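In my numbering, the protein residues as written are 47 to 368.
Ideal Cβ positions, reconstructed from N, Cα and C, are used throughout, including at glycine.
All of these numbers come straight from a predicted model, not from anything done at the bench.
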């Protein structure tokens, strides 16, 4: 392998886990100080925790997310970007799906080629899971309950009620595997008044909402929670740490923190009704500090203020226009 001493030399290695003792080779290459090395691999073998053990202090993790709505629009170049929101809501951000023309082809790629083949297969292989069918039932349950507060005990009870025998420890282990594979993201609860993290009950969001459509279709669809999923992933892309806010038994969908910045965000699909609008704004109005408060929904018009809360159209916010 040659290197040019007059230029920066970059070394890209894909699916590195297929090589025996790859960590020795990488350490050897790193020791030469001649290359800027980029390594990618399957989730089942090359999780960040594994890297931390193999290359302590010598790695920098670059987390790659599916395409955002802004990137989706940049790829397709529609005349009216905001009108593409409904298409993105279904198709999601798995770039490989963009190469297919029909909805069925896109969903087949997302569900079979990506989720079933790469995610489920890799988890089963890495953790030696014997009951693949049970793992898939758990995945479908989490997809059906995106954005719902839940716990491993509640999930175990729900799945046991369908005829499967399980317990909260097994559920907890399987969820941990799914989160380590970046298939789901766990969002903890945060007591805003007490300024402390709560140990019980969390929310789970999908790495890309298209997986939900591809596997389960629109049955039992909660569009408000799908919007939440899109907002959660966008906030993670923008570098925020996320929590579910709890205040006087009220819930704030997201408390987003980054350095000294803090945002309080509510998400809804439709706020045209007075009762829905009050339900979404009431928790934000109870917060007694000066950090920005936002309500994101399908308003289809310019942003406006309501008693210190900025009300934004979700598509414009996702595009970075607000």
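Between residue 354 and residue 325, the alpha-carbon positions lie close to 16 angstroms from each other. In this structure, residue 254 keeps its C-beta atom at 8 angstroms or more from the C-beta atom of residue 296. With a cutoff of 8 angstroms on beta-carbon distance, residue 250 and residue 232 are scored as near each other. DSSP, reduced to helix, strand and coil, places residue 106 outside both helices and strands of the structure shown, so it counts as coil. Setting aside the 5 residues that flank it on each side, residue 319 has no residue in the same chain whose C-beta is closer than 6 angstroms to its C-beta.
Note: residue 122 is not bridge-paired with any residue in the DSSP secondary-structure output. Between the beta-carbon of residue 196 and that of residue 247 there is about 6 angstroms, and that keeps the pair under the 8 angstroms contact cut. For residue 185, the uninterrupted alpha helix (DSSP H) run begins and ends at 178 to 190, by DSSP. The three-state reading of DSSP puts residue 246 in strand, counting E and B together. Put simply, the backbone Cα of residue 143 is about 45 angstroms away from that of residue 240. Put simply, of 228, 243, 157 the residue whose alpha carbon is nearest the alpha carbon of residue 169 is 228. Contact annotation, residue 301 with residue 244: C-beta distance approximately 12 angstroms; criterion of less than 8 angstroms not satisfied. Residue environment: residue 64 is assigned as exposed (fewer than 16 neighbouring CB atoms within 10 Å of its CB, all protein chains considered). Per DSSP, the unbroken beta strand (DSSP E) holding residue 235 starts and ends at 230 to 237. Using a Cβ distance threshold of 8 angstroms, residue 190 and residue 262 count as a contacting pair. In the DSSP assignment, residue 350 falls within the unbroken beta strand (DSSP E) covering 350 to 352. In terms of Cα proximity to residue 69, the closest of 105, 53, 55 is 105. The three-state reading of DSSP puts residue 163 in helix, counting H, G and I together. In this chain, the beta strand (DSSP E) harbouring residue 291 covers 287 to 293.
DSSP places residue 340 inside the beta strand (DSSP E), whose first and last residues are 339 to 343. Only buried fits residue 127, as 16 or more other CB atoms lie within 10 angstroms of its CB. When the beta-carbon positions are compared, residue 164 and residue 230 stay at least 8 angstroms from each other. The C-alpha of residue 59 lies about 39 angstroms from the C-alpha of residue 194. In this model, residue 109 and residue 172 are separated by some 20 angstroms (Cα to Cα). Residue 196 carries a strand assignment under DSSP once its states are collapsed to helix, strand and coil. Secondary structure note for residue 277: its alpha helix (DSSP H) is the uninterrupted segment 269 to 283. DSSP places residue 137 in the uninterrupted alpha helix (DSSP H) bounded by 131 to 137. The beta-bridge partner set that DSSP reports for residue 58 consists of 84. Its chain contains 127, 130, 365 as the residues whose beta carbon lies nearer than 7 angstroms to that of residue 119, once the 5 sequence neighbours on both sides are disregarded; these appear in chain order. Taking C-beta separations shorter than 7 angstroms and ignoring five residues to either side along the sequence, the partners of residue 337 in its chain run 308, 309, 310, following chain order. With a cutoff of 8 angstroms on beta-carbon distance, residue 161 and residue 259 are scored as not near each other.
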